[in-house]
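With our numbering applied, the sequence shown closes on residue 341, and no number is skipped along the way. Cβ coordinates follow ideal geometry from the N, Cα and C atoms, glycine included. In this text, all values refer to a predicted model and were calculated from it rather than measured experimentally.
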Amino acid sequence: MTPLVRAALAAALFAAAGSALAQPVASERPPVYAPPPVVELQAKMIREYAAPEARQGVAVDADHVYAIVNTVIGKYDKATGARVGRWAAPREGLIRHINSCFAEAGKLWCANSNFPLVPMASSVEVFDTATMTHAASHSLGILDEGSLTFFERFGQGWIAGYAHYNEDGGLPYKDAAYAGVVFYDAQWRRTGGYALPASVLARMAPHAASGGVLGPDGLLYVFGHDRPELYVLARPVMGPTLIHVATIAIDAAGQAIAWDRTAPGRVMYAINRPTGVIRAFELPPVSLDHSPDARPLKPE
């Protein structure tokens, strides 16, 4: 055998061996990922307040509940249900669409957007709860993330939810599936984020998460536009998509929700938009025992 033939034979054998190694053995193929089962739970209603402003969302502090609708916020005594204050601005003005608020240290921190206008633009608006007057504003401007629907403190920074829409207020090249959750530092510089799971997007379509709050358990509770159910989301151990761990049936319809962090137990406030009422609920605990890849959301 000549050296030339010997070299050609060696090259052919090497190529064949490499091709064989490149072919995965069927038994070595990893299985297709199966998401954890979604636990079905039920919220218990414990209180109801009549509030004509309860068409968009609610906020709560130790002594009062706040009903929100676009450019109006009503302040109600938590014990009696009587309205004791109100803020209002002209429709289609500087503030167009307050999506949600949370109460903290005598202030209401609110997510505002220019919905249904495009391009989408958003701002953070702050109100004094004692006087029910506007106190501060921070514009986020036009964002690719979409329309700001909720936010709250997260460690030294912020966690915020953004919506895209299939219909009015949406973009032809970005539907509701582009909704997501974004993390920021204290100066509103983006530090991370997550996509919403397909199971939740499908339940909220053609809208997105209209309300969202972090629970005392570190899980994210999001509410859609009108379906009477909360979706409980956890952080994945890896990857860019939150994990849907539970759905809680709740006798409410839209949109922004609020934990009562001044009350014992697991008390959440929501609204029933069609009837203009605020409702308080006791929520069941949510376990992650059935979701080995799920973790609470905690600041790094």
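Sub-9 Å separation of residue i and residue j beta-carbons
i, j, result
"Asp292", "Arg320", "yes"
"Ser188", "His175", "no"
"Val113", "Ala129", "yes"
"Gly233", "Ala250", "no"
"Ile183", "Cys151", "no"
"Arg336", "Gly256", "no"
"Tyr225", "Ala201", "yes"
"Asn155", "His138", "yes"
"Ile284", "Pro77", "yes"
"Ala91", "Asp104", "no"
"Ser328", "Val80", "yes"
"Lys116", "Arg132", "no"
"Ala299", "Ala144", "yes"
Identity of the residues DSSP links to residue i by a beta bridge
i, result
"Phe156", "The partner list for Phe156 (beta bridge, DSSP) is empty, contrary to what the question assumes."
"Asn245", "According to the sequence provided, residue 245 is Met. The question's Asn does not apply to it. Looking at the DSSP assignment, Met245 forms no beta bridge with any residue, so it has no partner."
"Ile183", "Ala162"
"Glu145", "Lys148"
"Thr282", "Ala236"
"Pro333", "Answer is none; Pro333 lacks a bridge partner."
"Pro277", "Ala335"
Three-state secondary structure (DSSP) of residue i
i, result
"Glu323", "strand"
"Ala218", "helix"
"Met309", "strand"
"Glu193", "strand"
"Ser19", "A query on residue 19 cannot be resolved here, the shown segment of the chain reaching from 42 to 341 and no further."
"Glu81", "strand"
"Ser178", "strand"
"Ala239", "helix"
"Leu54", "At Leu54 the pLDDT is 49, less than 50, meaning the model places this residue with poor confidence and gives no usable figure here."
"Ala293", "coil"
"Glu69", "helix"
"Tyr206", "coil"
"His266", "coil"
"Tyr107", "strand"
"Arg132", "coil"
Assumed close pair residue i, residue j - CB separation to whole angstroms, cut-off 8 Å
i, j, result
"Ala217", "Pro247", "6 Å"
"Arg124", "Gly317", "That belief does not hold up - the Cβ atoms of Arg124 and Gly317 are roughly 12 Å apart, past 8 Å."
| said: Check whether the stretch 254 to 271 and the stretch 208 to 219 are in contact - that is, three or more C-beta pairs closer than 8 Å. | reply: no
| request: Check whether the stretch 306 to 315 touches the stretch 273 to 283, counting contact only when three or more Cβ pairs, one atom from each stretch, lie closer than 8 Å. | output: no
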